[in-house]
Amino acid sequence: MDAFVRNMIDACIDEVIFWDGGSSDGTYERLLEYKVKYPYLRVLHWEQPERSEYKQGFNEVARRNLMIEASSMD
Numbered sequence: 000m001d002a003f004v005r006n007m008i009d010a011c012i013d014e015v016i017f018w019d020g021g022s023s024d025g026t027y028e029r030l031l032e033y034k035v036k037y038p039y040l041r042v043l044h045w046e047q048p049e050r051s052e053y054k055q056g057f058n059e060v061a062r063r064n065l066m067i068e069a070s071s072m073d
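In this text, residue positions in the sequence shown follow my numbering: the first is 0, and each later residue adds one.
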């Protein structure tokens, strides 16, 4: 994950939106660390219900719309 984020930063992209889908391996927390240093990174989080399957409640269209709404639209 770190290599991917570094690639986005090094590419000088104006805005990057990450959506953490309920990971439990520290990904969300790591992304928040990057966000402090690089304010153009947007980090969204989907609370995964405890002891549920990874994609429980997954709605691709709704998530895509939320990411569009979260963008600066530039």
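Yeah, the Cβ is synthetic: ideal placement off N, Cα and C, and Gly gets one too.
Keep in mind that this is a model prediction, so the values were computed, not measured.
Under 6 Å Cβ to Cβ from V4, same chain only, skipping five residues before and after it: list those, please. Residue 4 sits at position 5 when you count from the first residue of the sequence shown. Once the five neighbours on either side are set aside, the close Cβ partners of V4 are Y33.
Please work out which residues of its chain come closer than 7 Å, Cβ to Cβ, to S70, disregarding the five sequence neighbours upstream and downstream, and give them in chain order. Position 71 of the sequence shown, counting from 1, holds the residue named residue 70. Around S70, the same chain offers E14 and I16 as residues with beta carbons nearer than 7 Å, after the five sequence neighbours per side are excluded.
Three-state class that DSSP yields for I8 in the structure shown: Reading the sequence shown from its first residue, position 9 is the one you call residue 8. Three-state DSSP puts I8 in a helix.
Taking the alpha helix (DSSP H) that N64 belongs to, which residues open and close that run? To locate residue 64, count along the sequence shown from 1; it is residue 65. Element bounds for N64: E59 to A69.
Does G21 pass the burial test, meaning 16 or more other C-beta atoms within 10 Å, or should it be called exposed? The residue given as residue 21 occupies position 22 in the sequence shown. So G21 ends up on the buried side.
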